[in-house]
Structures are given as C-alpha cells and as structure tokens.
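Residue numbers (our numbering), protein chains in the order written: chain A, 4 to 689; chain B, 5 to 301.
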Amino acid sequence: MTFLQPLILFALPLIALPILIHLINQNRHRTLPWAATMFLLQAKRMARGMARLRYILIMMTRMLALAGLIFAVSRPMSGGWLGLTTSGAPELTVVILDRSVSMEEQDPETGQSKRETAIAKLSSAFEDLGSNTRIALFDSATRQRFDLSTPEALMSLPETAATSTSADIPALMQEATEYILTSDAGRTDVWICSDLRQADWNPGGGRWESVRNQLRNRDGVRLYLLTYEEPASENLSVSVSGVHRRETAEGAELVMDLKLSRATATTEPVRVPVTFVIGGARSTEDLELTGAQLVRNGHTIPIDRESRRGWGRVELPRDANLSDNVFNFVYAEPAVQKTVIVSDDTKVAELLRLAAGTPSDRGLVYDAQIVSSAQTGVIEWDSTALILWHAPLPADVLADQLESFVAMGGCVMFFPPEVPSVTQLFETRWGQWLEPEDGDHFALSRWRTDADLLSNTLSGKPLPVGQLVTYRNCEVISEQATVLAKLENGPPLLVRVPTDQGAVWFCSTLPTTENSNFVSNGITFYVMIQRAVARGAAALGEARQYDSGTLKASVAEAWTPLDDSSGTVLLSQRTINNGLYETPEAAFALNRPLTEDSVEVVSEGTLEQVLNGLNYTRIDDKAGSAMALASEVWRTFLVLMIAALMAEALLSVPEKVTRTSEDKPTKREPPKENTPFPRKVSAMKT
Amino acid sequence: MRNFVDPKIVARLQGLALDARIPMIGSVSGRHRSPTRGSSLEFSEYRKYVPGDDTRRLDWRAWGRSDRFYIKEYEADTNLRLCLVMDVSGSMNFGPDGSREEGTTKLDYARRIAGTLAYLASGQGDAVGLYTAGKNFQKEIRPKRSGAHLKFVLDEIGDMKADGETGLPEALHQAAERIAQRALVVVISDLFMDPETLKGAFQHLRFRKHDVAVFHLVEQNEIDFEFDRPIRFVDLEGAGPMLVDPTTIAKQYRQAVQTWLEQLRIVFRDSAVDYHRVSIQENYADVLARFLLARKK
Numbered sequence: 004m005t006f007l008q009p010l011i012l013f014a015l016p017l018i019a020l021p022i023l024i025h026l027i028n029q030n031r032h033r034t035l036p037w038a039a040t041m042f043l044l045q046a047k048r049m050a051r052g053m054a055r056l057r058y059i060l061i062m063m064t065r066m067l068a069l070a071g072l073i074f075a076v077s078r079p080m081s082g083g084w085l086g087l088t089t090s091g092a093p094e095l096t097v098v099i100l101d102r103s104v105s106m107e108e109q110d111p112e113t114g115q116s117k118r119e120t121a122i123a124k125l126s127s128a129f130e131d132l133g134s135n136t137r138i139a140l141f142d143s144a145t146r147q148r149f150d151l152s153t154p155e156a157l158m159s160l161p162e163t164a165a166t167s168t169s170a171d172i173p174a175l176m177q178e179a180t181e182y183i184l185t186s187d188a189g190r191t192d193v194w195i196c197s198d199l200r201q202a203d204w205n206p207g208g209g210r211w212e213s214v215r216n217q218l219r220n221r222d223g224v225r226l227y228l229l230t231y232e233e234p235a236s237e238n239l240s241v242s243v244s245g246v247h248r249r250e251t252a253e254g255a256e257l258v259m260d261l262k263l264s265r266a267t268a269t270t271e272p273v274r275v276p277v278t279f280v281i282g283g284a285r286s287t288e289d290l291e292l293t294g295a296q297l298v299r300n301g302h303t304i305p306i307d308r309e310s311r312r313g314w315g316r317v318e319l320p321r322d323a324n325l326s327d328n329v330f331n332f333v334y335a336e337p338a339v340q341k342t343v344i345v346s347d348d349t350k351v352a353e354l355l356r357l358a359a360g361t362p363s364d365r366g367l368v369y370d371a372q373i374v375s376s377a378q379t380g381v382i383e384w385d386s387t388a389l390i391l392w393h394a395p396l397p398a399d400v401l402a403d404q405l406e407s408f409v410a411m412g413g414c415v416m417f418f419p420p421e422v423p424s425v426t427q428l429f430e431t432r433w434g435q436w437l438e439p440e441d442g443d444h445f446a447l448s449r450w451r452t453d454a455d456l457l458s459n460t461l462s463g464k465p466l467p468v469g470q471l472v473t474y475r476n477c478e479v480i481s482e483q484a485t486v487l488a489k490l491e492n493g494p495p496l497l498v499r500v501p502t503d504q505g506a507v508w509f510c511s512t513l514p515t516t517e518n519s520n521f522v523s524n525g526i527t528f529y530v531m532i533q534r535a536v537a538r539g540a541a542a543l544g545e546a547r548q549y550d551s552g553t554l555k556a557s558v559a560e561a562w563t564p565l566d567d568s569s570g571t572v573l574l575s576q577r578t579i580n581n582g583l584y585e586t587p588e589a590a591f592a593l594n595r596p597l598t599e600d601s602v603e604v605v606s607e608g609t610l611e612q613v614l615n616g617l618n619y620t621r622i623d624d625k626a627g628s629a630m631a632l633a634s635e636v637w638r639t640f641l642v643l644m645i646a647a648l649m650a651e652a653l654l655s656v657p658e659k660v661t662r663t664s665e666d667k668p669t670k671r672e673p674p675k676e677n678t679p680f681p682r683k684v685s686a687m688k689t
Numbered sequence: 005m006r007n008f009v010d011p012k013i014v015a016r017l018q019g020l021a022l023d024a025r026i027p028m029i030g031s032v033s034g035r036h037r038s039p040t041r042g043s044s045l046e047f048s049e050y051r052k053y054v055p056g057d058d059t060r061r062l063d064w065r066a067w068g069r070s071d072r073f074y075i076k077e078y079e080a081d082t083n084l085r086l087c088l089v090m091d092v093s094g095s096m097n098f099g100p101d102g103s104r105e106e107g108t109t110k111l112d113y114a115r116r117i118a119g120t121l122a123y124l125a126s127g128q129g130d131a132v133g134l135y136t137a138g139k140n141f142q143k144e145i146r147p148k149r150s151g152a153h154l155k156f157v158l159d160e161i162g163d164m165k166a167d168g169e170t171g172l173p174e175a176l177h178q179a180a181e182r183i184a185q186r187a188l189v190v191v192i193s194d195l196f197m198d199p200e201t202l203k204g205a206f207q208h209l210r211f212r213k214h215d216v217a218v219f220h221l222v223e224q225n226e227i228d229f230e231f232d233r234p235i236r237f238v239d240l241e242g243a244g245p246m247l248v249d250p251t252t253i254a255k256q257y258r259q260a261v262q263t264w265l266e267q268l269r270i271v272f273r274d275s276a277v278d279y280h281r282v283s284i285q286e287n288y289a290d291v292l293a294r295f296l297l298a299r300k301k
C-alpha cells in the first residue's frame with residue numbers, strides 16, 4: 004500500500020491522543036473528600052474484569068477512529084480487492100506518455116527504465132477496465148494520438164519505445180484536453196507518466212492556464228500523475244558541441260567542446276573513460292570529473308588531412324541511463340556563418356553587424372551583410388544562416404520567403420520597427436512601444452537559463468543577463484510564443500515562436516543606447532546573436548546537427564545510416580532517436596536535446612500551481628518498482644473510522660441506573676430550619 | 005437553645021410524643037408503660053391476696069361477690085431513658101456534593117436530630133443521655149432528667165467533632181453493657197461498615213431489652229455516584245487518597261451500595277430495630293415527624 008500524502012502519516016502518533024487525553028484528564032482531576040471509600044474499594048476490585056475490558060475497548064475504538072482518519076487523509080492507494088472496492092471503470096482513459104531521454108533512467112537491479120515501468124504498470128492496471136473503456140495514447144515524441152485496442156498494446160507499440168527526444172507536456176496536455184472535450188466521453192481518467200523534469204513541463208508556460216480553464220469546466224475528468232521524479236544517482240551524460248575540422252601543420256584535427264555531467268552534485272573525483280569513435284576507429288581517454296560537470300573546450304582529435312567530411316560519436320561506459328551516454332556528431336568543411344541584417348536604421352544595423360560579424364570561433368568564417376528593407380531581393384536565402392530583421396513585418400511574397408527560409412532550418416530574429424504595423428508573421432505581431440511608468444528603466448525579472456539563446460554557458464555559469472536594462476520596449480503579441488526573458492512590470496524582452504524547423508525570435512527592444520544598455524553590457528547581446536548565428540549555420544553546410552524530435556519523420560526517408568546502430572532504427576523512428584545519416588548533399592547527426600541532461604524537476608508547490616483547480620492524484624513511483632498500480636482506498640478507512648466511532652458510542656452509552664423506591668433521590672435542597680410541618684402531622688395536631 | 009435546635013420545630017413537634025415501643029423501666033412516674041404494676045389509673049389484673057399485701061388494695065366488691073380476697077392491680081407508668089448514640093467518625097464530616105461547609109455535614113444533621121429529640125424527651129419528663137462513638141467509646145453522659153443535664157447534653161452535642169475511623173460497633177457493645185435499664189437507644193450514623201459487624205452490636209442491644217432506633221444518614225451522591233470526570237477521592241477517615249475514573253466503576257459502585265443497603269435492611273429487620281434511612285438533603289423536621297408518628301401506639 005502506498006500513500007499519496009505520505010507526510011500526513013507523520014501524524015500517526017496522534018493515535019495516542021485518547022491515551023494522552025486520558026492521562027491529562029487524570030491529572031486534571033479534582034479532589035473530593037469522600038466518606039464512602041469502602042464502596043470505591045469494592046467497585047475497583049469488581050471493575051478489574053469486564054468493566055476494565057470495556058474501558059480498554061473504548062480506548063481502542065477511539066484510537067482506531069483516529070488511525071482511520073489519518074490513513075484516510077493520507078490517501079492510501081492499494082491494489083487487489085481493496086483497491087477495486089472503491090473505483091469503477093472510466094469511459095475513456097487517456098495516457099500521456101513522456102518518452103523523453105530522462106525517462107530511460109534504469110533501476111540498476113531490474114534494468115527496467117522509468118518508461119518501461121510506467122508502461123508495464125499502466126498495462127496491468129488497465130487489464131481490469133473491460134471493453135467499455137477506450138484507451139487513447141498521446142505520445143510525447145511525435146505528439147500524435149494513438150487509439151489502443153487493448154491495454155497490452157502499450158507494451159508492444161513502437162510509439163511507446165525509447166526515444167532521444169524531449170517532451171512538451173503542456174502541448175500534450177493541450178491536445179489531450181481538446182480530444183477529451185470533443186470526444187464527449189463520460190468519466191475520463193487521464194494518466195500522465197512523467198519524471199516531472201522542469202524542461203519538459205515548462206510550468207511557467209502560458210498553455211497550462213488554457214488547460215486548467217478547459218478541464219475545470221469539464222465534469223468527470225480525473226488526472227493521475229504517475230511520477231518518477233527521483234533521478235538516477237550514478238548517471239553520467241556526455242555531449243559535444245562546436246565540432247569542426249581544422250588544418251594543422253601535422254595534418255588535420257577535429258576540434259570540439261566536450262561536456263560531461265553527472266546527476267548528483269558531489270565533489271568526489273571519478274575517472275571516466277570516454278571513448279571517441281571517429282569514422283569507426285575507437286580511442287579511449289580517461290577524464291577526471293570532480294564536480295557536477297566537466298567542460299573541456301577545444302578538445303582535439305587528430306584525423307587524416309584528406310578526411311574532409313565524416314562522422315563520429317562520444318561514448319561513456321554503461322550507467323543508469325544508456326540514452327545519454329552517446330553523442331553523435333558529423334563534420335565537414337564549415338559553412339560560412341552568414342548573417343543578413345535588414346534595417347533602414349544605420350545605427351542599429353551597424354551594432355547588429357558588429358555582434359554578428361565578429362568571430363567567436365577563429366576556425367570559422369563570419370560574414371554580416373546589411374541590406375535595407377527595400378533591397379531584400381538581394382538576400383541569398385540558401386547560404387544565409389541568420390536574418391536580423393529590423394523593419395516592419397513583411398507580408399505577401401517576402402513573408403512566404405521568410406517562412407520557407409525558416410522551414411529549411413534558417414533562423415530569424417525580429418527587432419521592433421519605430422512604427423509597428425498590424426501585420427502578423429509566424430502568428431505574431433508587434434504591439435505598442437512601452438516605456439516604464441516611473442520613467443526609469445525596465446529590469447530583467449527572469450529568463451530561461453536551461454535552453455535557447457540566454458542559457459547558461461557550457462561550464463554551467465549564467466550569462467550576465469540580469470545586468471540588462473531597457474528604456475523602451477515594444478509589445479510582442481503572440482499566443483504561442485515561449486518567453487525566454489521577461490522584464491519586470493513590462494513586456495517580454497525575448498520570445499521564441501515555435502516552428503517545426505529553424506528558429507524565430509522576437510526581441511522587443513533595440514541595441515541602441517536610447518533603447519537599452521545592450522552595447523554597454525555587450526556580452527549578453529553578443530552571445531545571444533552568436534548563438535543564433537551558430538544555430539542557423541548548423542542547417543547549412545554539409546555537416547548538420549539536429550535535436551531528435553525536431554524533424555518530421557518524412558525528412559529522414561532518403562537518409563542512409565552511417566553506422567550500425569543507426570541502421571537498426573526503424574525508418575519512422577529515425578528523427579526521434581540518436582543516429583548518424585547522410586545524403587549526397589550532407590551528413591546528419593541526431594542527438595537528444597541537451598535540456599534532457601538537466602535534472603531539475605517541478606517542485607510539489609509548482610505542480611500544485613500548474614494543476615490548480617484540477618482533480619488530480621499524484622502517485623510517486625520508482626523505476627523497476629514492483630508495486631502494483633492501485634486505486635485510492637481512503638473510503639475504506641473512512642468507513643472503518645465511522646464503524647469505530649459507532650462502536651465507541653455503543654460502548655460509551657451509560658448504563659441505566661435502576662433504583663428501588665427507597666433509593667429514589669430526594670430533591671436536593673439545603674436543609675430549611677423553618678420548614679412548615681408536614682400536612683399529615685399538622686392535621687393530627689389539630 | 006443551641007443553633008442546631010430550632011424552637012419553632014420543637015414547638016410543633018411537641019404535639020407528637022416520643023413513645024417507646026416496649027415497656028420501660030424508669031425511676032419515676034412518667035408517660036410510658038412499665039413492665040411492673042403500679043398505681044396508675046389503668047386496671048391491669050386481679051391476683052389472690054397473700055399475707056403482707058397492702059390491704060388498701062383489696063377489692064372489697066370482689067370479696068362481697070366471691071367471698072375471696074383479691075388484690076386489684078394497676079399498670080405502672082414510668083419515665084423513659086433516651087440514650088443518643090452519635091457516630092463521630094471522620095465520615096460524618098461529609099456534606100452535600102462533598103462539601104465540608106459548617107452546617108451542611110452529616111454531623112450537623114445528626115446534631116439537629118439529636119438535639120431536637122433530646123429537647124422533646126426532656127420536655128415530656130424523660131431522661132436524656134449521650135454516647136459518642138468514634139474510634140473508641142469517647143464520651144458517655146448517663147441519662148438524667150434535669151434541665152441542667154439537658155443543657156449539658158446539648159453543650160456536648162454542640163461541641164463534638166467528627167474525626168478518625170469509626171468505632172460504632174464497639175461503642176454499641178459498650179453502651180449495651182453500660183446502660184443498666186431498658187432505654188430507647190437512638191443511633192445516628194452513616195453506618196459505613198460491614199453490616200455483619202453491626203448485626204452483633206444491635207442484637208446485643210436488643211438482648212439487653214433496649215428499644216433501638218437508627219437514623220441512617222446518607223448523602224444522595226454516595227448512593228448515585230454521578231460523576232463524569234476523574235476524581236481524587238480523599239478518605240475522610242484517614243485512608244490514603246484514591247484516583248478514580250468514575251465512569252469505569254460507577255456500575256460496580258452502585259451495585260456494592262445496593263448490596264450493602266440490602267444487608268443493612270436485613271440486619272435491622274432481624275434485630276427489630278426501628279430503621280430510618282435519611283438523606284441529609286431532606287428536611288430533618290419531616291424526618292423526625294415521620295419517626296415520631298411511626299412510634300405511636
């Protein structure tokens with residue numbers, strides 16, 4: 004038996020309350036001089052038998068009632084007959100399955116991952132539902148719905164297998180909510196199987212509010228959170244970035260930034276044998292990890308001078324999560340990091356050109372070109388990595404061109420024009436320019452440090468984003484955008500609009516000194532632009548890196564696997580798993596999103612806010628746990644408590660005192676000295 | 005008159021004489037029957053003349069009719085000795101709801117009954133004596149008829165203190181031995197002791213041909229035992245305190261009390277004792293009126 008509110012079990016010592024009250028009562032006694040002590044002694048001797056037993060029974064029933072209450076409030080869950088007594092079969096069961104990389108953490112004893120444990124338990128729990136219950140699976144990797152014919156299908160479907168993706172739980176919840184509302188089903192159980200990673204749940208996102216509002220008004224929907232929040236203690240993860248080829252005097256070498264992370268924050272040094280596989284050739288190097296992270300920038304591996312395009316991966320030894328032990332990469336002649344700045348304001352354009360064109364990696368070629376809004380026809384879309392757009396949002400053909408550019412993997416960052424128009428692009432438009440009410444400035448209140456342009460550096464240190472202030476900001480009006488940086492008492496500073504490929508950002512201010520201190524605190528601004536350039540450039544050239552789950556499955560149909568492990572992946576599953584592929588034009592490396600390496604989970608308080616107003620039950624589980632998924636049985640304990648109270652009442656009923664006529668109590672009144680004579684006596688006297 | 009004797013109640017009770025249920029042997033003429041023949045107006049019997057009889061008591065008319073000498077005998081009226089035996093053990097300090105306030109205890113109630121009876125007896129020319137029964141036979145005032153003696157008895161009643169364990173059975177045995185002639189022995193006590201022990205004492209008194217009456221003083225809560233919270237009972241006769249949760253033993257307590265009362269009833273019935281159970285919440289004037297009326301021939 005498990006408890007949904009196990010902390011309440013700390014109240015179990017309260018069971019001793021009746022005894023305590025009994026003892027306190029005994030100590031709060033009053034003292035009474037007493038004459039008939041002989042009867043007290045006799046009564047005490049007589050009470051040693053049944054009366055004492057009765058008293059003990061009363062005490063026990065009181066304790067039992069308290070225990071029943073505490074157990075009921077702690078919301079026990081039980082399988083078997085006890086669980087079945089309190090729950091019926093729902094009409095519709097929705098399963099939201101988190102197939103992110105972090106769900107692949109395994110129990111070292113059973114080798115069962117969190118995802119496998121959750122699936123096995125759900126499958127087992129649903130066996131008793133009967134044929135009247137429909138089961139719909141919402142998969143986090145593909146964000147598609149699958150209707151299951153039997154609960155056993157959960158175990159065998161490829162849509163429940165391991166992936167290298169991250170999960171967008173709010174998006175899945177939104178889709179599930181819409182499905183529930185349109186399905187017109189009666190009682191609906193929604194099972195969310197997740198490890199509650201902050202990056203997957205995005206509790207600050209605006210979509211939760213919509214989910215809450217919609218589900219609140221829907222009767223008969225109950226949420227069950229099957230959570231696996233405990234991170235694997237001995238898990239290491241590896242990733243590389245910035246892989247590029249460099250000519251040296253001896254020949255050529257691969258340069259990369261290597262990052263090792265471990266889940267537990269400890270300073271105990273550990274030697275990690277890291278295996279580098281370059282085109283199939285393996286070499287191992289021992290690295291010492293002393294803290295939570297090891298970042299080795301500019302790590303080099305010699306390669307043949309003739310090898311201008313190739314693939315490789317970094318591997319770690321087997322640990323609690325196999326999915327984050329491998330990181331693939333491909334290399335080729337690097338593409339030019341080309342940025343096009345569309346602006347009619349020469350001051351703004353120059354600042355943007357400086358940020359985009361100043362090399363951050365000397366091994367790469369940077370190019371930044373300024374064009375006016377009237378000259379956009381000269382933009383070479385195929386060779387451009389990033390477009391910095393400081394002009395009114397375009398419409399018609401130019402808008403289509405921008406959308407195509409993004410669909411091909413390009414990146415665009417929009418800056419607000421002086422006169423915003425109502426034109427909408429990427430379902431986003433500019434609003435009004437805003438200035439702080441106190442006439443001073445807007446300060447940053449919060450920003451995303453785990454992903455995207457303002458995330459922490461590879462060494463884990465945060466960017467000095469907090470030092471940024473703005474003096475004017477333009478509203479960004481979008482329903483879908485994700486806020487990356489929020490100003491206090493002002494609009495968002497930076498938002499990202501969701502797209503299938505590429506990336507689109509809206510920055511609500513300008514780098515000029517009239518609008519912000521981007522220039523005086525240039526680090527953040529420079530890193531932000533450079534990261535955007537790097538991301539756009541990743542889609543150019545012959546070596547392309549992608550996060551699993553960001554490409555459509557159809558894209559990978561023409562790909563050829565570069566190594567054996569990639570060859571075993573199903574065609575439909577290629578874009579959601581690790582892999583190395585190539586086409587005649589380019590090589591592709593697919594890896595897990597690095598947000599999956601973050602072990603930060605949604606706290607209980609945050610979860611309560613996220614699901615505020617919804618009828619939900621949280622079931623904490625562990626990978627490999629053999630505990631049967633069960634139903635709440637608090638009603639049973641409530642009934643037990645009521646039964647105990649009734650028994651206590653029956654036992655406490657005072658016994659009827661039978662008095663003989665002689666013993667009838669006389670009216671209690673103080674003796675009266677001048678009481679009139681009794682009528683009978685008076686009559687005699689007369 | 006002491007504060008425990010109410011003149012109004014005495015005045016009203018004077019209409020009801022204190023009668024003995026059996027013939028008394030008094031020292032002077034009184035209003036009570038005597039086992040001996042005397043000179044009262046009430047004819048008793050004839051008996052044959054024997055030499056030495058007072059010839060003035062010859063019934064000449066009987067001689068004229070039967071030619072035999074008969075002596076005409078009359079009932080003798082004598083006075084009564086009222087012996088008040090008062091229990092002065094510590095338990096007599098118990099008042100309503102455990103109160104020990106002056107004027108409300110069993111001892112105060114006993115004073116009122118004893119004082120009033122003494123006054124009534126003295127008023128009708130009877131002798132009044134007082135015996136107090138504590139752990140030992142503490143005080144003995146032999147019955148006398150004078151007004152000064154009544155004052156002395158009332159002073160003693162007023163001054164007595166209740167303390168210590170009871171010694172009523174021993175006191176009754178001693179009283180039975182010391183009271184030389186037939187008397188009305190009125191015992192006033194709460195009788196908290198083994199009825200078997202009392203049985204011997206009362207049978208001893210009856211054996212000595214005393215008319216015995218008992219005022220059994222009880223406080224109603226001693227019978228009902230209606231408490232709902234734990235109480236530390238302190239024994240008034242000196243035994244150690246006892247912490248009791250009344251709810252756990254109330255039934256057994258009442259059962260023990262009922263058994264005890266029933267045993268007392270049997271003891272007093274078998275010993276032909278005039279038994280009166282009196283609640284100290286009751287008006288003592290009513291109690292005395294009932295007592296006096298019941299003794300009317």
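Each residue gets a CB set at the ideal place from its N, CA and C atoms; glycine is no exception.
Simplified DSSP assignment, three categories, for A/Trp508: As a working note, residue 508 of chain A is residue 505 in the first sequence. The answer is strand: DSSP assigns A/Trp508 an E or B state.
Straight-line gap, A/Leu574 to A/Arg137 (C-alpha atoms, nearest Å): Within the first sequence, numbered from 1, the residue matching residue 574 of chain A stands at position 571. Within the first sequence, numbered from 1, the residue matching residue 137 of chain A stands at position 134. Approximately 29 Å, taken between the alpha carbons.
Proximal residues of chain B, C-beta to C-beta of A/Gln29 below 8 Å: By 1-based counting over the first sequence, the position of residue 29 of chain A is 26. Simply Pro234, Leu247, Asp249.
B/Gly56 in three-state terms, based on DSSP: Residue 56 of chain B sits at position 52 when you count from the first residue of the second sequence. Here B/Gly56 sits in coil by DSSP.
Alpha-carbon to alpha-carbon, B/Ala243 and A/Ala38: If you number the first sequence from 1, residue 38 of chain A lands on position 35. If you number the second sequence from 1, residue 243 of chain B lands on position 239. Going by the C-alpha atoms only, they are around 10 Å apart.
Same chain, Cβ closer than 7 Å to A/Phe640, neighbours up to 5 away in sequence not counted: The residue labelled residue 640 of chain A in the question sits at position 637 within the first sequence. Cβ within range, chain order: Gly71, Phe74, Ala75, Pro79.
Interface positions of the region 121–136 of chain B facing chain A (Cβ-Cβ less than 7 Å), listed along the chain: none
Chain B residues whose Cβ lies nearer than 7 Å to that of A/Ala268: Reading the first sequence from its first residue, position 265 is the one you call residue 268 of chain A. None at all; the shortest Cβ gap to chain B is about 56 Å.
Own chain, CB closer than 6 Å to A/Asn300, minus 5 neighbours either side, in chain order: Residue mapping note: residue 300 of chain A aligns to position 297 of the first sequence, counting from 1. Contacts found: Asp260.
Opposing strand residues paired with A/Pro564 [DSSP bridges]: As a working mapping, residue 564 of chain A is identified with position 561 in the first sequence. Answer is A/Tyr584, bridged to A/Pro564.
Same chain, Cβ closer than 7 Å to A/Thr473, five either side skipped, listed in chain order: One-based indexing of the first sequence puts residue 473 of chain A at position 470. Once the five neighbours on either side are set aside, the close Cβ partners of A/Thr473 are His444, Phe445, Leu490, Leu496, Thr512, Asn518, Ser519.
Chain-ordered residues of the region 8–24 of chain A with a beta carbon less than 7 Å from chain B: none
Residues that DSSP places opposite A/Ser244 in a beta bridge: The residue given as residue 244 of chain A occupies position 241 in the first sequence. Paired residue(s): A/Asp260.
Residue nearest to B/Ser95 in terms of C-alpha spacing, selected from B/Leu20, B/Leu172, B/Arg149, B/Leu62: Residue 95 of chain B sits at position 91 when you count from the first residue of the second sequence. Of the candidates B/Leu20, B/Leu172, B/Arg149, B/Leu62, B/Leu172 places its Cα closest to the Cα of B/Ser95.
Exposure label - B/Arg104; buried when at least 16 CB within 10 Å: As a first step, residue 104 of chain B is located in the second sequence; it is residue number 100 there, counting from the start. Exposed, by the Cβ-count rule.
As assigned by DSSP and simplified to three states, the class of A/Leu292: Within the first sequence, numbered from 1, the residue matching residue 292 of chain A stands at position 289. The answer is strand: DSSP assigns A/Leu292 an E or B state.
Sequence-distant residues of its chain with Cβ nearer than 6 Å to A/Glu94 (five each side left out): Here residue 94 of chain A refers to the residue found at position 91 of the first sequence. Hits under 6 Å: Ala188, Gly189, Arg190.
Straight-line Cα distance separating A/Arg274 from A/Gly254: As a first step, residue 254 of chain A is located in the first sequence; it is residue number 251 there, counting from the start. As a first step, residue 274 of chain A is located in the first sequence; it is residue number 271 there, counting from the start. The straight-line gap from Cα to Cα measures roughly 30 Å.
Candidates A/Asn524, A/Met176, A/Leu389: closest to A/Arg534 by CA position: As a first step, residue 534 of chain A is located in the first sequence; it is residue number 531 there, counting from the start. Among A/Asn524, A/Met176, A/Leu389, the Cα nearest to that of A/Arg534 is on A/Leu389.
Residue range of the unbroken alpha helix (DSSP H) whose run includes A/Trp637: To locate residue 637 of chain A, count along the first sequence from 1; it is residue 634. 637–655 is the extent of the alpha helix (DSSP H) around A/Trp637.
Same chain only: Cβ atoms within 8 Å of A/Ile18, ignoring 5 sequence neighbours per side: Residue mapping note: residue 18 of chain A aligns to position 15 of the first sequence, counting from 1. Cβ neighbours of A/Ile18 beyond the five flanking positions: Met66, Leu69, Ala70, Ile73.
Secondary structure of A/Ala410, DSSP reduced to three states: As a first step, residue 410 of chain A must be located in the first sequence, where it is residue number 407. The answer is helix: DSSP assigns A/Ala410 an H, G or I state.
Runs of beta strand (DSSP E) lying entirely within the region 196–240 of chain B, each at least 3 residues, in chain order: Complete beta strand (DSSP E) runs here, min 3: 215–222, 235–239.
At least three beta-carbon pairs within less than 8 Å, the region 182–202 of chain B to the region 84–98 of chain B: yes
Whether A/Ala484 touches A/Phe521 by CB criterion (8 Å): As a first step, residue 484 of chain A is located in the first sequence; it is residue number 481 there, counting from the start. As a first step, residue 521 of chain A is located in the first sequence; it is residue number 518 there, counting from the start. Not in contact: A/Ala484 and A/Phe521 (Cβ atoms no closer than 8 Å).
Three-state secondary structure (DSSP) of A/Ile59: Working through the first sequence from its first residue, we reach residue 59 of chain A at position 56. Helix, per DSSP.
Residues near B/Leu219 in its chain [Cβ-Cβ closer than 8 Å; skip 5 each side]: Here the question's residue 219 of chain B lines up with position 215 in the second sequence. The residue asked about is misnamed: residue 219 of chain B is Phe in this sequence, not Leu. Here the set comprises Ala114, Ile117, Val190, Val191, Ile192, Ser193, His280, Val282, Val291, Phe295.
Beta carbon proximity, B/Ala21 to chain A, threshold 8 Å: In the second sequence, residue 21 of chain B corresponds to position 17, counting from 1. Output row for B/Ala21: interface = no.
Spatial neighbours of A/Leu583 in its chain, beta-carbon cut-off 6 Å, leaving aside the 5 residues before and after: Translated into positions along the first sequence, residue 583 of chain A becomes position 580. Answer for A/Leu583: Trp314, Asn331, Leu565, Asp566, Ser569, Ala592, listed in chain order.
Per-residue DSSP class, three states only, for A/Val522: Taking the first residue of the first sequence as 1, we reach residue 522 of chain A at position 519. If DSSP states are grouped into helix, strand and coil, A/Val522 belongs with coil.
A/Arg146: CB within 7 Å of a non-hydrogen atom of the ligand NAP: Looking at this structure, you won't find the ligand NAP or any other ligand, since it has none at all.
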